[in-house]
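Using the numbering used here, the first residue of the sequence shown is number 321, and each one after it goes up by one. Only one structure is covered here, and it is reproduced in the block below.
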Amino acid sequence: MQAEVARELRQMQIDLQKAEAARTGAAAAAGRAADAASPVEAPAATPTPAAPAAPRPPTARP
321 MQAEVARELR QMQIDLQKAE AARTGAAAAA GRAADAASPV EAPAATPTPA
371 APAAPRPPTA RP
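Structure (structure tokens):
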């Protein structure tokens with residue numbers, strides 16, 4: 321009886337490990353597929369700061 325329970329427990333552990341491996345493998349495959357399907361984005365261009373405006377010359381008054 322004990323040997324039978326031990327065998328069943330061991331088989332359940334093996335089944336659980338297989339299920340876990342399949343789940344993580346499927347998740348990893350889905351992640352790789354999503355990465356492959358997403359467009360590769362170029363790094364955003366850094367905007368160059370605008371040059372400071374030149375001071376205006378004083379206007380002559382008549």
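We put the CB at the ideal spot given by N, CA and C, even for glycine.
Practice item. Can you tell me which of the three DSSP states Ala357 falls into? Key: Per DSSP, reduced to three states, the secondary structure at Ala357 is helical.
Review point. What separation, rounded to the nearest whole angstrom, lies between the Cα atoms of Ala357 and Val325?
Key: The alpha-carbon separation between Ala357 and Val325 amounts to approximately 47 Å.
Check your understanding: Which of helix, strand or coil does DSSP assign to Met332?
Key -> Reduced to three states, the DSSP call for Met332 is helix.
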